[in-house]
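Note sheet for the following structure.
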Ligand code: TRP
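In the working numbering, the protein residues as written are -13 to 339.
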């Protein structure tokens, strides 16, 4: 994507610049989980001039939340805390209704569930504004049509691989996902820079957004992008919420977490104990190790130790799994505690309009 679509790598000098503002660096930055960006330098130049940005990210409600989703959101919360900025969080229930084979009621059920997970991340309620596409439609629609008028059928077909059998709602949808990137500028009647943290699969939407916003008189949004958490079974690529059985969910019990890791997590260890002691394991493909690296082990020192011990054969697959289970369980129990009390907080988070 860096070669083909002109994403920029986050290099050492940019990391140092981020550190000037945040004092410390989030492990997802130093470990290159968030590895690429567009226009971050510009965003910080504006910030230095006193032109503070807002953050925009989102969730497409079509199933339970798994750890691949929350990693972006926990990082977004860190950014919010460090820069003390507003977060606009979009729930694209329209998108998922049109793209997925699910009823409107099913999507609404997932919307209500997913709202709880986003609140459980711990965003600042005073600075966080939820936008639900079908609920805020009256606010979004007049802006969405301005975007839609700038996108041709041929552009949308080639951006998303649509064809003549694609429903017309999907064809329109990217206009809705563009709106939050300039909505605060409209509401506050001044141009405000926007930063979008997202996983790389959302890039087609935001490439279009970046083409269109200047034509409407707004800044192009900056972005910071992460790679995908490997699925439990370890194949390359995205962990989908429709494959819930395979992934670790925010609603899993400690028993479920334990079972999923022990039974399904792809291991980079050797087939026999003797072989493992002799040759060592491969942490790069080992899913429990990768989960610790992506989200659950905050200490670099500990992570490096695990990596070395695993490579040397000192640490066994079973031991690594046991440690990952402990860390994931500890994290999830805290998340679930906050999720429990999230329901009554929903009204505080909804964008007032
Ligand atoms: N389309 C995204 C999804 O399918 C949801 C989304 C909407 C989003 N706006 C966003 C994701 C902004 C990242 C950033 O999950």
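Every residue gets a Cβ at the ideal spot worked out from N, C-alpha and C, and that includes glycine.
Q: Taking residue 308 as the reference, give the member of 244, 332, 111 with the closest Cα.
A: Measuring from the Cα of residue 308, the nearest candidate turns out to be 244.
Q: Spell out whether any CB of chain D is found under 8 angstroms from the CB atom of residue 174.
A: This model lacks chain D altogether; it includes just one protein chain.
Q. Apart from the five residues on each side of it in sequence, which residues of its chain come closer than 6 angstroms, Cβ to Cβ, to residue 131?
A. Leaving aside the five residues that flank residue 131 on each side, none in its chain has a CB nearer than 6 angstroms to its CB.
Q: Mind reading off the beta-carbon distance from residue 337 to residue 122? Whole number of angstroms is fine, and I expect it under 8 angstroms.
A: Residue 122 and residue 337 do touch by the CB rule: their CB atoms are close to 6 angstroms apart, below 8 angstroms.
Q) In three-state DSSP terms, what is residue 326? A) Residue 326 falls in the helix class under three-state DSSP.
Q) Three-state secondary structure (DSSP) at residue 139? A) Helix.
Q | Under the three-state DSSP convention, the category residue 209 falls into | A | In the three-state DSSP reduction, residue 209 falls in the strand class (E or B).
**Q.** Short Cβ contact (8 angstroms threshold) for residue 93 with residue 48
**A.** Against a cut-off of 8 angstroms, the Cβ pair of residue 48 and residue 93 comes out as a contact.
Q) Which two residues bound the contiguous alpha helix (DSSP H) that contains residue 130? A) Counting along the chain, the alpha helix (DSSP H) containing residue 130 begins and ends at 123 to 134.
Q) If we count the other Cβ atoms within 10 Å of its Cβ and call it buried at 16 or more, is residue 43 buried or exposed? A) Answer is buried; the Cβ neighbour count reaches 16.
Q: Compare the Cα-Cα distances from residue 341 to each of 40, 56, 37 and report the closest residue.
A: An answer regarding residue 341 cannot be provided, because it is not within the stretch -13 to 339 covered by the chain.
Q.
Is residue 43 close to the ligand TRP? I mean its beta-carbon at under 7 angstroms from any heavy atom of the ligand.
A. Result yes, Cβ under 7 angstroms from the ligand TRP.
Q. Where does residue 185 sit, in a helix, a strand or coil, going by DSSP?
A. Residue state, collapsed to three classes: strand.
Q. Expressed to the nearest angstrom, what Euclidean distance is found between the alpha-carbon atoms of residue 215 and residue 333?
A. Rounded to the nearest angstrom, the two C-alpha atoms are 31 angstroms apart.
Q.
Judging by CA-CA distance, which residue of 67, 315, -8 is the nearest neighbour of residue 241?
A. Distance check between residue 241 and each of 67, 315, -8 places 315 closest, using alpha-carbon atoms only.
(Q) Alpha carbons only, please: which of 301, 272, 62, 114 is nearest the one belonging to residue 170? (A) When only C-alpha atoms are compared, the closest one is 114.
Q | Outcome for residue 223 when other beta-carbon atoms lying within 10 angstroms are tallied against a minimum of 16 | A | Only weak support is given to the placement of residue 223: the predicted model assigns it a pLDDT of 48, under 50, and the value that follows is read from those uncertain coordinates. Around the beta carbon of residue 223, fewer than 16 other beta carbons sit within 10 angstroms, so the residue counts as exposed.
Q. Per DSSP, what kind of secondary structure is residue 74 in: helix, strand or coil?
A. Judged by DSSP in its simplified three-state form, residue 74 adopts strand.
(Q) Could you check if residue 52 belongs to the surroundings of the ligand TRP, using beta carbon to heavy atom distance under 7 angstroms? (A) The answer is no for residue 52.
(Q) So if DSSP puts residue 41 in a beta bridge, which residue, or which two residues, is it bridged to? (A) Under DSSP, residue 41 forms a beta bridge with 73, 181.
(Q) For residue 147 and residue 220, what's the separation of their Cα atoms in angstroms? (A) Note on geometry: alpha-carbon atoms of residue 147 and residue 220 lie some 27 angstroms from one another.
(Q) Here's the rule I'm using: 16 or more other beta-carbon atoms within 10 Å means buried, otherwise exposed. How should residue 3 be labelled? (A) Exposed.
Q | Paired residues, beta bridge with residue 22 - DSSP | A | Residue pairing by DSSP places residue 22 opposite -5, 211 in a beta bridge.
Q. Quick one: is the Cβ of residue 4 within less than 7 angstroms of any heavy atom of the ligand TRP?
A. Because no heavy atom of the ligand TRP lies under 7 angstroms away, the Cβ of residue 4 does not count as near it: no.
Q) When you compare only the Cα positions, how much space is there between residue 82 and residue 124? A) Cα-Cα distance, rounded: 19 angstroms.
Q) Does the ligand TRP have a heavy atom nearer than 7 angstroms to the CB of residue 188? A) Result yes, Cβ under 7 angstroms from the ligand TRP.
Q. Where does residue 105 fall in DSSP's three states?
A. Residue 105 falls in the helix class under three-state DSSP.
Q: Give me the Cβ distance between residue 306 and residue 272, rounded to the nearest whole Å; I'm assuming they're in contact under 8 angstroms.
A: Cβ atoms of residue 306 and residue 272 come within 8 angstroms of each other, at about 7 angstroms.
Q: Return the CA-CA distance between residue 286 and residue 293, expressed in angstroms with no decimal places.
A: Approximately 10 angstroms, taken between the alpha carbons.
Q) Cβ of residue 115 versus every heavy atom of the ligand TRP: is any distance shorter than 7 angstroms? A) Relative to the non-hydrogen atoms of the ligand TRP, the Cβ of residue 115 never comes closer than 7 angstroms to any of them.
Q) Which one of 279, 111, 39, 237 has the shortest CA to CA distance from residue 330? A) The shortest Cα separation from residue 330 among 279, 111, 39, 237 belongs to 111.
Q.
Considering only heavy atoms of the ligand TRP, does any lie closer than 7 angstroms to the CB of residue 154?
A. Outside the cutoff, so no.
Q) Taking the Cβ atom as the reference point for each residue, do residue 383 and residue 257 lie within a distance shorter than 8 angstroms? A) Beyond the ends of the chain as shown, which are -13 and 339, falls residue 383; an answer cannot be given.
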